[in-house]
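A.B. asks: In this note's numbering, the protein residues as written are 191 to 557.
#1: DSSP state of residue 327, grouped into three classes?
#2: Any idea what DSSP makes of residue 474, helix, strand or coil?
#3: Please state the DSSP three-state secondary structure of residue 376.
#4: Looking at C-alpha atoms only, which residue of 257, 378, 454 is the closest neighbour of residue 277?
#5: Would you check if the distance between the CB atom of residue 253 and the CB atom of residue 240 is smaller than 9 Å?
#6: Buried or exposed: where does residue 449 fall if 16 or more other Cβ atoms within 10 Å of its Cβ makes it buried?
#7: How big is the Cα-Cα spacing for residue 303 and residue 390?
#8: Given this structure, state the Cα-to-Cα distance separating residue 501 from residue 443, to the nearest angstrom.
#9: Given a cut-off of 9 Å on the beta-carbon distance, is the pair residue 289 and residue 297 in contact?
#10: Starting from residue 288, follow the beta strand (DSSP E) in both directions and report where the run begins and ends.
#11: For the region 429 to 444 against the region 401 to 418, are there 3 or more C-beta pairs whose distance is under 8 Å?
#12: So, with DSSP's three-state summary, where would you put residue 409?
#13: Quick one, which of 351, 331, 327 has its alpha-carbon nearest residue 370's?
#14: Using the rule of at least 16 other Cβ atoms within 10 Å of the residue's Cβ for burial, across every protein chain shown, is residue 242 buried or exposed?
#15: Would you report the Cα separation of residue 218 and residue 506, rounded to the nearest angstrom?
#16: Ends of the alpha helix (DSSP H) at residue 364?
#17: Give a yes or no on whether the C-beta atoms belonging to residue 458 and residue 495 are separated by under 9 Å.
#18: Residue 505: beta carbon under 8 Å from a heavy atom of the ligand COA?
#19: Considering only residues of the region 459 to 547, which uninterrupted beta strand (DSSP E) runs meet the minimum length of 3 residues and lie entirely inside it, listed in chain order?
#20: Whose C-beta lies closer than 8 Å to the C-beta of residue 469 among residues of the same chain, with five residues either side of it excluded?
#21: Give a yes or no on whether the C-beta atoms belonging to residue 313 and residue 281 are separated by under 9 Å.
#22: On the DSSP bridge list, what partners appear for residue 446?
#23: Going by DSSP, which residues form a beta bridge with residue 282?
#24: Whose C-alpha, out of 418, 447, 551, is nearest the C-alpha of residue 539?
#25: Are the CB atoms of residue 430 and residue 394 nearer to each other than 9 Å?
#26: In the DSSP assignment, find the unbroken alpha helix (DSSP H) run with residue 246 in it and report its ends.
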């Protein structure tokens, strides 16, 4: 009996020690995992900008920003939209003209429309209005670069940006994010771009050359202008699995063409962007192009493949932060068997909710 009792006691102690060891091991594992997660989060943390900051803008100007900007003037709608996406709405003190006609303000910044100043346009920048806004950062387009030196000489930090390709758009977003200490939101946006581009590439990478249609992108003022090879619109078409008809032309802004040139290009698709405000179509429509007897022999016209880009949000054919949505729309238009308009509407809703915090009417895109 004593022998049996001793055996049971040894067995009980053994089980108890084993259980204790198990708990200690588990505790150590959890602790190690927690530490690893904390280290990983610290490594992934986006660093904040430290001031004074000296950077080079997109045309090579060296600019020093002494402290985090609190009053920003944006001289062009592309930069204004970028500031809205980066959460800088309340720091905008003056922007481009006619914002009441741009839908993005109505949806994402209605509360500042009556309070921000008006500094004119890229071609006619209003220096006096800019100075009246008392900015500590000015963002100008290349067309207004002469004013950058004037403002810099007045000790007002001014950067010039020129996003004429997707890579330059990403560079612009990172630059504005850095100078305004909005690096986290700039990174979130460029990460989203990578996600979208991976998605498009996954759909189009197996397309053979003969499955990539020739696309003629019309200008905003006339369908007898088109996007040459170095314009943002050319990269939009190429990314979506198409060939830009205007790649035979040099330049980075709209180029006038003749009917004979369009006939020689013989595009499979003709795309009409929104008007400059993105609140409607240009002064011509797809129906006008289809009805032009001079274009009757163009493949796109014969097949009825002439399309208006959706209006009511932003100009998705231009290098605005939502320009990647133009790539998605183009993919759905050129390759509906790979990606549908319903899927596109979902992606648009997701993008604007994340970066601009408003909900879209999906039916306005799919109809």
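Note that beta-carbon positions come from the ideal geometry of N, C-alpha and C, so glycine has one too.
C.D. replies: Reading off the structure:
#1: Taking the first residue of the chain shown as position 1, residue 327 is located at position 137. Residue 327: strand per DSSP, three-state reduction.
#2: As a first step, residue 474 must be located in the chain shown, where it is residue number 284. Reduced to three states, the DSSP call for residue 474 is coil.
#3: Counted from its first residue, the chain shown places residue 376 at position 186. Helix, per DSSP.
#4: Translated into the one-based positions of the chain shown, residue 277 becomes position 87. With distances taken between Cα atoms, residue 277 lies closest to 378.
#5: What you label residue 253 is simply residue 63 of the chain shown in a count that begins at 1. What you label residue 240 is simply residue 50 of the chain shown in a count that begins at 1. Cβ atoms of residue 253 and residue 240: not closer than 9 Å.
#6: As a first step, residue 449 is located in the chain shown; it is residue number 259 there, counting from the start. Residue 449 should be labelled exposed.
#7: Walking along the chain shown from the start, residue 303 turns up at place 113. Walking along the chain shown from the start, residue 390 turns up at place 200. Each residue's Cα considered, the two are about 35 Å apart.
#8: If you number the chain shown from 1, residue 501 lands on position 311. If you number the chain shown from 1, residue 443 lands on position 253. Near 21 Å, if we compare the C-alpha coordinates of residue 443 and residue 501.
#9: The count along the chain shown starts at 1 and reaches residue 289 at position 99. The count along the chain shown starts at 1 and reaches residue 297 at position 107. In this structure, residue 297 does not lie closer than 9 Å to residue 289 by Cβ.
#10: Taking the chain shown and counting its residues from 1, the one referred to as residue 288 is at position 98. First-last for residue 288: undefined, no H or E at that position.
#11: Contact annotation: the region 429 to 444 touches the region 401 to 418, with at least three C-beta pairs closer than 8 Å.
#12: Taking the first residue of the chain shown as 1, we reach residue 409 at position 219. It is coil, neither helix nor strand.
#13: Within the chain shown, the letter at position 180 stands for residue 370. Ranking 351, 331, 327 by Cα distance to residue 370 puts 327 first.
#14: Position 52 of the chain shown, counting from 1, holds the residue named residue 242. Per the 10 Å Cβ criterion, exposed.
#15: Residue numbering aside, residue 218 sits at position 28 when the chain shown is read from its first letter. Residue numbering aside, residue 506 sits at position 316 when the chain shown is read from its first letter. Low confidence applies to residue 218: its pLDDT is 47, below 50, so where it sits in the model is not reliable enough to give any reading.
#16: For this step, residue 364 is matched to residue 174 along the chain shown. Its alpha helix (DSSP H) spans residues 356 to 369.
#17: Residue 458 sits at position 268 when you count from the first residue of the chain shown. Residue 495 sits at position 305 when you count from the first residue of the chain shown. A Cβ-Cβ contact shorter than 9 Å links residue 458 with residue 495.
#18: In the structure shown, the ligand COA is absent, as is every other ligand, since no ligand is present at all.
#19: 459 to 462, 496 to 498
#20: Numbered from its first residue, the chain shown carries residue 469 at position 279. For residue 469, same chain residues with a beta-carbon under 8 Å away, outside a window of 5 residues either side, are 291, 292, 293, 501, 502 in chain order.
#21: Residue 313 sits at position 123 when you count from the first residue of the chain shown. Residue 281 sits at position 91 when you count from the first residue of the chain shown. No.
#22: Numbered from 1 along the chain shown, position 256 holds the residue referred to as residue 446. Answer by DSSP bridge pairing, in chain order: 415.
#23: Working through the chain shown from its first residue, we reach residue 282 at position 92. Note: residue 282 sits in a beta bridge opposite 262.
#24: Counting from 1 along the chain shown, the entry for residue 539 is found at position 349. Among 418, 447, 551, the Cα nearest to that of residue 539 is on 551.
#25: Here residue 430 refers to the residue found at position 240 of the chain shown. Here residue 394 refers to the residue found at position 204 of the chain shown. Closer than 9 Å, so yes.
#26: Residue mapping note: residue 246 aligns to position 56 of the chain shown, counting from 1. Careful: residue 246 lies outside any alpha helix (DSSP H), inside the beta strand (DSSP E) at 243 to 246.
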